[in-house]
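Number 52 in full-length UniProt numbering belongs to position 52 of the sequence shown; there are no gaps in the numbering. What follows is a short report on a single structure.
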Amino acid sequence: MSQLLQINDLNVAFKTMQGQKKVLHDVSIDVSKNEILAVVGESGSGKSVMSKAIMGLLGSKASKQGQIFLHDSKLSDKPLEMVSMCRKQAQQIRGDEISMIFQDPMTSLNPLMTVGMQIAEAVQIHQKKSKAEAIEEAGRMLDLVRVPSGRQVLNVYPHQLSGGMRQRVMIAMALACKPKLLIADEPTTALDVTIQAQILGLIRELQTELGMGVIFITHDMGVVHEVADRVAVMYHGDIVETGTLNQVFLEPKHAYTKALLKAAPKLGSMRGKAVPHSFPVLSMEEELKGNTTSVEIPGKPVDYSEAPLLTVDRLHVVFPRKHNFFGKVTHQVHAVNDVSFKLWKGETLGVVGESGSGKSTIGNAILGLLEEATGDIRYKDIDLLNPTSAERKLVKKDVSFIFQDPLASLNPQMTIGECVEEPFIIHEPQMSKHEREQKAKELLQKVGIKPDFTAIIRTNFPAVCCSV
C-alpha cells in the first residue's frame, strides 16, 4: 500500500498560566491508502490533539514542531508539508483532501441550518457547484451513508434526528468531497451498541468502496478489533506501540497496551469480582505495573412493602411533526406509547432499547421537560406533570439527570469547577464559596478527576471526562 500521510517527530504544546504544557512528544506514525489505522488510548492521552494538528485546528495558543506530510496532494507534485503551510492552503485541504468526523454531532452541526444545506455548503465551497447541484449531491451522500428516505431528511434540522442519524449526517458531510484521508474522532462514543455496530460497519464499507485512508481515534479496544488494520497506542502524549491488529492484540509489547487489553471486558468475566476503586492517572506511569485497589460494594435489599419512590402510569408522548398552512398538526410521531413502571428506594431499573426507541424521552418526561407528556408520573406524592412551585423546587434538588451528551450539557463559558459548584449555589445558598470549591474538588476526585482540573474551561476538557 502506498503512503498517504506521514507524521515525523510531532511535538505540540499549549500556553497556560503555568507556562508551556507539552501534550505530544515526538509522535511519529504513517497512514497508507486503503487502510484503517486505529489510534487508541485513554482520555487525555493526546489522540484528539494529534487529529487537530493534522487538520490545522489547534488554535493560537498551541505551538507545534515536527513534520506532517500529505502525499499525492492536489496542491503539490511533491509531498506537502502541512505544519508550515499557510492558512489558505490549510483551508483548501480541509474538507477536500482531509475530512474529519467529530466526536459530538449535536455540537458540530449548525442547529439553524437544515441537514441538506450543511452538506451542500461543503460541496459548494470545494467543488464550485451550483446550489441545486450541491443539494442533489447532498441527497446522494445521505443515500451513500444509508440514511432511510435520505431525500426527505435534506429538509430536516439536526435536533429532529436521533443520535445515530446525526452521526450518519456527519459522515455524509465528511465524505461529500471524496477526501483521500478521513479522521474519525470517537464517532461512536455516545451511541448505543446497535447503532455503534452499524456506524462501524458503514465506515469500513465506505473506506473499501472509496479507497480512503482512515485514522480511527478511540479508547475502546473492542471497537479497534472491529475496524482496524493497524493500531497505534498512545499514552501520555507518546506513541508507545504500533503494529498490525494481530501483533498488538496477540503479542502486545508495552505495559500500557497490556493494561488496555486486560481492561477490555469479556462477557461474564467480571461476575463475582470487586469493582476497581482506583485507576492510574496519566502522570503516574508507575501505576501501570498492575497494582490495584479494590472495594467491596455490599448489596442492600430493597423493601418492596414500602410505597414506590417513582410511579409512571400510562405515559404517552406525542410530538407534532408537520403542520399545514393554518398551523394545524397534520402528522404526529408517537415517541412513547402507554408506558408504565415503578421504582423503589434502593433499586436500579435498567431501561434498554435501540436508538430512537423512546428511552431519553421517558427521562425527559419524568423531569418535566416535555409539554407533550400525558399520563401520570409521581415522585413520592408529587405529581411531576403538574407540580406546584414549591414541589418543583424540591424535585429539582432530589431528582438528578445525567444527560446523554456531556458536551452540550455543560456550559462552554464555565470552568469544570464552576459547573460542579452551580447546583450548590442554587440548592445550598448558605454554603460559602470556599465550601463549594472544596465540595467540587471532593466530587471530582470521587470520579477519578484531579482536583486541579477545576480551573479548566469545559471546551478544553476531553469529552469522555465531561461525562463523569
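For every residue, glycine included, the Cβ atom is placed at its ideal position computed from N, Cα and C.
Could you pull out every unbroken beta strand (DSSP E) segment of at least 3 residues lying fully inside the region 225–270, listed in chain order?
-> When DSSP assignments are scanned along the region 225–270, the uninterrupted stretches of beta strand (DSSP E) that are 3 or more residues long and fall wholly within it turn out to be 230–235, 238–244.
First and last residue of the uninterrupted beta strand (DSSP E) at P364 | It should be pointed out that residue 364 corresponds to Asn in this sequence rather than to Pro. From DSSP, N364 is part of no beta strand (DSSP E) but of the alpha helix (DSSP H) over 359–366.
Span of the beta strand (DSSP E) holding A184?
-> Here the beta strand (DSSP E) through A184 covers 181–185.
Can you give me the Cβ contacts of L267 inside the same chain, cut-off strictly under 8 Å, excluding the 5 residues immediately before and after it?
-> Confidence in L267 is poor, its pLDDT being 48 and thus under 50, which makes the residue's placement unreliable; the coordinate value appears in the next sentence. Take L267, set aside five residues on each side of it, and no residue of its chain has a beta-carbon closer than 8 Å to its own.
Just to confirm, are D9 and Q67 a CB contact at a threshold of 8 Å?
-> Pairing D9 with Q67 gives a Cβ-Cβ distance under 8 Å.
Classification of E286 by the beta-carbon crowding that lies within 10 angstroms, buried from 16 upward | Low per-residue confidence applies at E286: pLDDT is 42, beneath 50, and the placement is therefore not dependable enough to give any value.
Any idea if M284 is buried or exposed, counting beta-carbon neighbours within 10 angstroms, 16 or more meaning buried?
-> The predicted position of M284 is uncertain, since its pLDDT is 37 and thus under 50; no value can be drawn from it.
What is the C-beta distance between K61 and F14, in whole angstroms, given that I count them as a contact (C-beta under 8 Å)?
-> Yes, K61 and F14 are in contact; Cβ-Cβ is about 5 Å, under 8 Å.
In the DSSP assignment, find the unbroken beta strand (DSSP E) run with K15 in it and report its ends.
-> Where K15 is concerned, the enclosing beta strand (DSSP E) stretches over 3–16.
In chain order, what residues of the same chain have a beta carbon less than 6 Å from the beta carbon of T361, not counting five sequence neighbours either side?
-> Around T361: V317, A335, V336.
Counting only the same chain and skipping the five closest in sequence on each side, list residues whose C-beta sits under 6 Å from that of R271.
-> Any reading at R271 must be qualified, since the residue scores a pLDDT of 47, below 50, and its modelled position is unreliable; the value itself is stated next. Result list for R271: empty, nothing under 6 Å.
Distance, E421 Cα to K439 Cα | Each residue's Cα considered, the two are about 8 Å apart.
Is the region 66–81 touching the region 107–122 in the sense that three or more CB pairs, one from each, lie closer than 8 Å?
-> Here the region 107–122 does not lie against the region 66–81, with fewer than 3 beta-carbon pairs under 8 Å apart.
So what's P387 in DSSP terms, helix, strand or just coil?
-> In the three-state DSSP reduction, P387 falls in the coil class, being neither helix nor strand.
R372 - DSSP class collapsed to helix/strand/coil | This sequence places Glu at residue 372; Arg is not what is there. Collapsing the DSSP output to three states places E372 in coil.
State the DSSP-derived secondary structure class of G139, mapped to helix, strand or coil.
-> Collapsing the DSSP output to three states places G139 in a helix.
What span of residues does the beta strand (DSSP E) with I402 cover, start to end?
-> Per DSSP, I402 is not a residue of any beta strand (DSSP E), being assigned neither H nor E.
Quick one: Cα of S2 to Cα of V248, how far?
-> Between the alpha carbons of S2 and V248 lies a distance of about 22 Å.
Grouping DSSP H, G and I as helix and E and B as strand, with all else coil, what is P320?
-> Three-state result, P320: strand.
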